[in-house]
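Number of protein chains: 2
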Amino acid sequence: MTITTHSTPALEPTAPGSLMRTEISEQASIVESLLGARRAVDAITAEVRQHDIRYVLLAARGSSDHAALYAKYLVETVLGLSCGLASMSTVTGYGARSDLRGVLWVAISQSGGSPDLVAATAAAGEAGALTLAVTNAPASDLAGVAQLHLDIAAGVERSVAATKTYTAELLALWLLVDSWVGRDGRLAAGLPEAVASAAVVDVSHIVNRYRYAARIVTTGRGFSYPTAREAALKLMETCHVAATAFSGADLLHGPVAHVDGMTPVIVVSPGGVGGRLLRPVLDVLDRHGAEACVVGDALLGAQSALRIPVPPVVEELTPIVQIVPLQRLALGLALSRGLDPDRPRGLSKVTSTL
Amino acid sequence: MTITTHSTPALEPTAPGSLMRTEISEQASIVESLLGARRAVDAITAEVRQHDIRYVLLAARGSSDHAALYAKYLVETVLGLSCGLASMSTVTGYGARSDLRGVLWVAISQSGGSPDLVAATAAAGEAGALTLAVTNAPASDLAGVAQLHLDIAAGVERSVAATKTYTAELLALWLLVDSWVGRDGRLAAGLPEAVASAAVVDVSHIVNRYRYAARIVTTGRGFSYPTAREAALKLMETCHVAATAFSGADLLHGPVAHVDGMTPVIVVSPGGVGGRLLRPVLDVLDRHGAEACVVGDALLGAQSALRIPVPPVVEELTPIVQIVPLQRLALGLALSRGLDPDRPRGLSKVTSTL
Numbered sequence: 001m002t003i004t005t006h007s008t009p010a011l012e013p014t015a016p017g018s019l020m021r022t023e024i025s026e027q028a029s030i031v032e033s034l035l036g037a038r039r040a041v042d043a044i045t046a047e048v049r050q051h052d053i054r055y056v057l058l059a060a061r062g063s064s065d066h067a068a069l070y071a072k073y074l075v076e077t078v079l080g081l082s083c084g085l086a087s088m089s090t091v092t093g094y095g096a097r098s099d100l101r102g103v104l105w106v107a108i109s110q111s112g113g114s115p116d117l118v119a120a121t122a123a124a125g126e127a128g129a130l131t132l133a134v135t136n137a138p139a140s141d142l143a144g145v146a147q148l149h150l151d152i153a154a155g156v157e158r159s160v161a162a163t164k165t166y167t168a169e170l171l172a173l174w175l176l177v178d179s180w181v182g183r184d185g186r187l188a189a190g191l192p193e194a195v196a197s198a199a200v201v202d203v204s205h206i207v208n209r210y211r212y213a214a215r216i217v218t219t220g221r222g223f224s225y226p227t228a229r230e231a232a233l234k235l236m237e238t239c240h241v242a243a244t245a246f247s248g249a250d251l252l253h254g255p256v257a258h259v260d261g262m263t264p265v266i267v268v269s270p271g272g273v274g275g276r277l278l279r280p281v282l283d284v285l286d287r288h289g290a291e292a293c294v295v296g297d298a299l300l301g302a303q304s305a306l307r308i309p310v311p312p313v314v315e316e317l318t319p320i321v322q323i324v325p326l327q328r329l330a331l332g333l334a335l336s337r338g339l340d341p342d343r344p345r346g347l348s349k350v351t352s353t354l
Numbered sequence: 001m002t003i004t005t006h007s008t009p010a011l012e013p014t015a016p017g018s019l020m021r022t023e024i025s026e027q028a029s030i031v032e033s034l035l036g037a038r039r040a041v042d043a044i045t046a047e048v049r050q051h052d053i054r055y056v057l058l059a060a061r062g063s064s065d066h067a068a069l070y071a072k073y074l075v076e077t078v079l080g081l082s083c084g085l086a087s088m089s090t091v092t093g094y095g096a097r098s099d100l101r102g103v104l105w106v107a108i109s110q111s112g113g114s115p116d117l118v119a120a121t122a123a124a125g126e127a128g129a130l131t132l133a134v135t136n137a138p139a140s141d142l143a144g145v146a147q148l149h150l151d152i153a154a155g156v157e158r159s160v161a162a163t164k165t166y167t168a169e170l171l172a173l174w175l176l177v178d179s180w181v182g183r184d185g186r187l188a189a190g191l192p193e194a195v196a197s198a199a200v201v202d203v204s205h206i207v208n209r210y211r212y213a214a215r216i217v218t219t220g221r222g223f224s225y226p227t228a229r230e231a232a233l234k235l236m237e238t239c240h241v242a243a244t245a246f247s248g249a250d251l252l253h254g255p256v257a258h259v260d261g262m263t264p265v266i267v268v269s270p271g272g273v274g275g276r277l278l279r280p281v282l283d284v285l286d287r288h289g290a291e292a293c294v295v296g297d298a299l300l301g302a303q304s305a306l307r308i309p310v311p312p313v314v315e316e317l318t319p320i321v322q323i324v325p326l327q328r329l330a331l332g333l334a335l336s337r338g339l340d341p342d343r344p345r346g347l348s349k350v351t352s353t354l
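Just so you know, the sequences run in chain order W and V.
Going by our numbering, the first residue of the first sequence is number 1, and it counts up by one from there.
Going by our numbering, the first residue of the second sequence is number 1, and it counts up by one from there.
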């Protein structure tokens with residue numbers, strides 16, 4: 001297999017989507033490099049083990065928030081620890097100060113530059129938490145303010161739509177949990193190859209079919225729910241489509257009412273437990289006359305006319321592979337609509353919110 | 001002021017939306033009753049105080065999940081305790097078992113009948129958590145399986161679109177936190193009157209203006225974010241519109257790219273801290289040519305041509321008042337589109353997910 005090398009920044013103008021395309025294709029190589037940097041992760045977990053960690057709080061926004069959601073599932077199912085997503089406005093807006101002794105606070109951000117994340121992480125440290133920043137920017141404010149730093153080492157990301165930094169965040173968080181629980185990383189054998197294969201899966205029939213879709217629903221359960229959320233965000237920011245993500249369970253609690261024959265539904269299935277939980281969702285979509293496209297999970301895919309097959313890996317690693325063809329779907333759909341996914345309307349690479 | 005009495009179930013067919021309309025109008029009376037039942041809440045918090053609670057986990061789905069999000073803000077800002085929303089699939093699907101000693105587990109459900117919530121609550125109790133069910137059904141499985149039960153006493157809800165049970169859940173959770181922190185409830189003086197006034201605010205100009213909107217974005221920050229989420233769910237389930245909710249901060253991290261002159265944005269502002277955090281969001285929407293409609297917060301509303309004024313109450317109680325005109329917006333818009341909000345397509349009152 002050929003694995004491309006990381007991009008370096010350039011100043012010349014680029015063709016629409018060329019940055020996103022390049023960065024999508026770099027992911028297999030970045031995954032391979034990160035897996036090789038296991039020792040840095042082990043050093044962090046050695047430090048974490050010195051503390052009596054009772055639960056984990058995750059803080060992030062945008063794509064990184066979906067990586068945080070993935071980490072939540074990992075922490076709960078692999079480590080057996082409780083885990084929550086922090087509401088930053090309670091800290092930075094309302095001045096809430098909780099006693100965070102016994103808490104590992106993990107702040108996730110590509111740029112490490114969001115002021116609210118930096119402020120909330122500093123406050124978490126003052127409140128007694130052990131703080132860890134997971135970023136693509138070791139020199140960032142966030143990396144500086146946290147006690148520990150895990151570098152996702154994805155290289156400079158130039159497209160505004162995050163792709164390679166998202167999968168690198170996922171893998172960094174998986175490595176953290178894998179190391180913390182005392183495993184040896186062998187579950188990730190073959191992961192770079194799976195990501196490389198996922199990057200060349202044909203999605204052109206779905207790009208074509210969704211050309212005029214005004215809205216798209218995405219859904220998943222368990223380990224595929226973060227992928228559904230991230231896919232919806234990519235579609236929204238690059239294709240200007242009203243894309244909404246629901247956990248399979250929540251979808252049936254109300255939102256399914258707005259799903260009909262004009263609403264394509266992307267069902268991301270991690271196989272295993274999550275796949276079983278999604279089967280009734282597929283039945284309900286069918287009764288609503290909605291066309292489902294199943295991503296991954298050949299078993300569930302057999303129930304559906306539209307499929308995006310994805311190389312199988314163990315369920316807890318599926319998010320790192322399954323998002324890749326969905327990034328390419330967003331790229332292709334944006335281009336087919338005459339949009340430049342590298343420069344979505346009104347967005348910049350670092351979003352400053354307080 | 002006139003406060004209508006609670007509805008009783010009837011078997012005869014009803015005109016479209018008449019159940020939802022009645023139940024919306026009952027909310028002021030239910031709020032008044034619940035405020036009068038403070039003693040039952042005090043008994044529960046007396047029991048909670050016997051335990052060394054270090055953090056709070058909330059479990060819910062659908063509208064109740066938005067009540068849980070409200071409770072998260074309250075627990076963090078008023079009690080200064082950490083608080084997380086539970087991912088039920090990690091427990092009921094993946095079999096995750098965390099040590100939950102020192103945790104108050106609060107399960108919120110109108111019907112108390114969702115099998116996954118019942119199973120996750122039983123598991124939380126076995127894992128050492130103190131478990132509390134907040135329901136409208138004292139005889140439900142959920143109330144039975146939890147160690148403590150708080151009855152929201154909203155009367156039978158017949159419309160599939162939850163309205164009065166949502167505000168009753170909000171108030172029950174506020175009473176719990178107010179009592180737990182040792183306050184005396186006086187912040188809620190005037191709340192029934194504010195809810196009654198909110199139930200007659202004129203929203204017809206917005207119903208008219210959104211008649212043909214294909215998608216609607218809702219946003220809020222801090223205490224108004226749960227309201228934005230609940231409003232989007234009501235619009236989705238009753239009007240079949242693609243309604244998507246974002247925290248004001250997350251909206252600027254990507255999703256704003258899909259917002260344009262054809263995307264009406266409902267900005268729910270709690271005033272105070274949340275209102276200040278929303279000001280830059282309004283500026284960005286303006287640059288995108290999107291038309292904002294500000295709900296509540298006269299200060300922020302002055303920046304916007306479209307407004308839904310809502311009687312002011314203290315910021316932490318605004319969610320109980322501000323959702324009311326938005327329920328009426330969903331009702332009115334559904335009727336104007338020829339839909340029956342009492343019986344949304346493909347939904348039933350109790351959703352069974354595993």
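By construction, the Cβ of each residue, glycine as well, lies at the ideal position given by its N, Cα and C atoms.
{"Asked": "Rounded separation between glutamate 237 of chain W and valine 91 of chain V - CA only", "Found": "33 Å"}
{"Asked": "Proximity test, Cβ basis, 8 Å: arginine 97 of chain V and chain W", "Found": "yes"}
{"Asked": "Distance CB(threonine 188 of chain W)-CB(valine 310 of chain W) smaller than 8 Å", "Found": "Sequence inspection shows alanine at residue 188 of chain W; the threonine mentioned does not correspond to that position. No, the pair does not count as a contact, with Cβ atoms beyond the cut-off."}
{"Asked": "Where valine 160 of chain V sits in the DSSP three-state scheme", "Found": "coil"}
{"Asked": "Min CB distance threonine 45 of chain V to chain W below 8 Å", "Found": "no"}
{"Asked": "Sequence-distant residues of its chain with Cβ nearer than 6 Å to asparagine 136 of chain W (five each side left out)", "Found": "Gln110, Ile152, Ala154 and Thr165"}
{"Asked": "Per-residue burial, tyrosine 225 of chain W [other beta carbons within 10 Å of its own, 16 or more giving buried]", "Found": "buried"}
{"Asked": "Selected residue, minimal CA-CA separation from leucine 235 of chain V, among V:Leu277, V:Leu79, V:Gly222 and V:Asp342", "Found": "V:Asp342"}
{"Asked": "Contained beta strand (DSSP E) runs [length at least 3] in the region 226 to 296 of chain V, N- to C-terminal order", "Found": "242 to 247, 265 to 268 and 292 to 295"}
{"Asked": "At least three beta-carbon pairs within less than 8 Å, the region 240 to 260 of chain V to the region 296 to 304 of chain V", "Found": "no"}
{"Asked": "DSSP bridge partner residues for arginine 221 of chain W (one or two, in chain order)", "Found": "According to DSSP, arginine 221 of chain W bridges with nothing at all."}
{"Asked": "Simplified DSSP state of glycine 84 of chain V, which is helix, strand or coil", "Found": "strand"}
{"Asked": "Of the residues V:Asp178, V:Asp286 and V:Gly17, the one placed nearest valine 48 of chain V, counting alpha carbons only", "Found": "V:Asp178"}
{"Asked": "Simplified DSSP state of isoleucine 206 of chain V, which is helix, strand or coil", "Found": "helix"}
{"Asked": "Proximity test, Cβ basis, 8 Å: histidine 205 of chain V and chain W", "Found": "no"}
{"Asked": "Element boundaries [alpha helix (DSSP H), containing arginine 101 of chain V]", "Found": "Here arginine 101 of chain V belongs to no alpha helix (DSSP H), and DSSP marks it neither H nor E."}
{"Asked": "Residues near arginine 38 of chain W in its chain [Cβ-Cβ closer than 8 Å; skip 5 each side]", "Found": "Leu175, Ser179 and Gly185"}
{"Asked": "Coil, strand or helix - valine 41 of chain V by DSSP", "Found": "helix"}
{"Asked": "Contact with chain W by arginine 183 of chain V, beta-carbon distance below 8 Å", "Found": "no"}
{"Asked": "Serine 25 of chain W classed as buried or exposed, judged by whether at least 16 other C-beta atoms fall within 10 angstroms", "Found": "buried"}
{"Asked": "Buried or exposed (CB count within 10 angstroms, at least 16 for buried), valine 321 of chain W", "Found": "buried"}
{"Asked": "Short Cβ contact (8 Å threshold) for serine 159 of chain W with leucine 329 of chain W", "Found": "no"}
{"Asked": "First and last residue of the uninterrupted alpha helix (DSSP H) at alanine 71 of chain V", "Found": "63 to 74"}
{"Asked": "Beta-carbon proximity of glycine 272 of chain W to glutamate 230 of chain W, cut-off 8 Å", "Found": "no"}
{"Asked": "Beta-carbon proximity list for valine 118 of chain W, same chain, < 7 Å, skipping 5 on both sides", "Found": "Asp141, Leu142 and Val145"}
{"Asked": "Cβ-based neighbour list, alanine 133 of chain W, same chain, cut-off 6 Å, excluding 5 preceding and 5 following", "Found": "Ala107, Leu142, Ala143, Ala146 and His149"}
{"Asked": "Segment contact flag, the region 205 to 221 of chain V with the region 258 to 278 of chain V, C-beta cutoff 8 Å, min 3 pairs", "Found": "yes"}
{"Asked": "Same chain, Cβ closer than 7 Å to phenylalanine 223 of chain W, neighbours up to 5 away in sequence not counted", "Found": "Tyr73, Pro270, Gly274, Glu315, Glu316, Thr318 and Pro319"}
{"Asked": "Reduced DSSP category for aspartate 178 of chain W - H, G, I as helix; E, B as strand; rest coil", "Found": "helix"}
{"Asked": "Closer than 8 Å to chain W by CB, tyrosine 94 of chain V", "Found": "yes"}
{"Asked": "Distance between valine 78 of chain W and glycine 36 of chain W (C-alpha atoms, nearest Å)", "Found": "22 Å"}
{"Asked": "Three-state secondary structure (DSSP) of alanine 133 of chain V", "Found": "strand"}
{"Asked": "Beta-carbon contacts of glycine 190 of chain W that lie in its chain and below 8 Å, excluding the five residues immediately before and after", "Found": "Val313"}
{"Asked": "Separation of arginine 54 of chain W from glycine 102 of chain V, as counted between CA atoms", "Found": "10 Å"}
{"Asked": "Identity of the residue in V:Leu85, V:Ala245 and V:Leu171 nearest isoleucine 30 of chain V by Cα", "Found": "V:Leu171"}
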